[in-house]
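Numbering (the UniProt record's numbering), first residue to last: 1 to 152. Cβ atoms here follow ideal geometry from the backbone N, Cα and C, with glycine treated the same way.
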């Protein structure tokens, strides 16, 4: 497989798998909105998306990951958030996620980031084992909270 950074030219290839990723987590498909969302992120350079492509087929997308930039005020350095990662069903158990995360880790080092962050559901043992195999460690120092913002 080959790992490449996505550009606007990859939107038609990326969107269908991104829709499947969203559906996996219970979101409605909304392919047009999904494509528009991805296009904005790429056009505005608000995220970095890596694609895993089959060696023999530029149109066969095996998986993707999307990273968002953030910063650490305490270390005065960049942080990357590995927000989305997904592997096509027929490409699982082929180390696609591992290769995507290794590429993300390399990019984080090249951009002098202090860390790479990822979150997953507490019952997703497969993802947790994969993250740990790459070198991620569970954060025991900080407890994370979220504040849902409603449109009311």
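Cut-off 8 Å between Cβ atoms - residues of its own chain near residue i, not counting five sequence neighbours on either side
i, result
"residue 98", "130, 133, 134"
"residue 120", "127, 128, 131"
"residue 17", "61, 63, 64, 86, 88"
Same chain only: Cβ atoms within 7 Å of residue i, ignoring 5 sequence neighbours per side
i, result
"residue 91", "62, 63"
"residue 69", "78, 80"
"residue 111", "78"
Through-space distance from residue j to residue i, alpha-carbon basis
i, j, result
"residue 3", "residue 96", "9 Å"
"residue 51", "residue 26", "23 Å"
"residue 140", "residue 122", "14 Å"
"residue 105", "residue 116", "7 Å"
"residue 102", "residue 53", "15 Å"
"residue 144", "residue 84", "18 Å"
"residue 113", "residue 146", "24 Å"
"residue 94", "residue 138", "25 Å"
"residue 151", "residue 56", "46 Å"
"residue 44", "residue 124", "32 Å"
Cβ shell of residue i (< 6 Å), same chain only, five flanking positions each side left out
i, result
"residue 48", "67"
Contact between the segment 3-13 and the segment 33-42 (3+ Cβ pairs under 8 Å): Counting Cβ pairs under 8 Å, three or more are found: they touch.
Pairing CB atoms from the segment 69-81 with CB atoms from the segment 53-61, are three or more of them under 8 Å? Flag = no, the segment 69-81 and the segment 53-61 do not touch.
Output the residue ranges of the alpha helix (DSSP H) runs that lie fully inside the UniProt domain "N-acetyltransferase" (1-152) and measure 4 residues or longer, sorted by chain position. Counting only runs of 4 or more, we get 11-24, 31-43, 96-110, 125-134.
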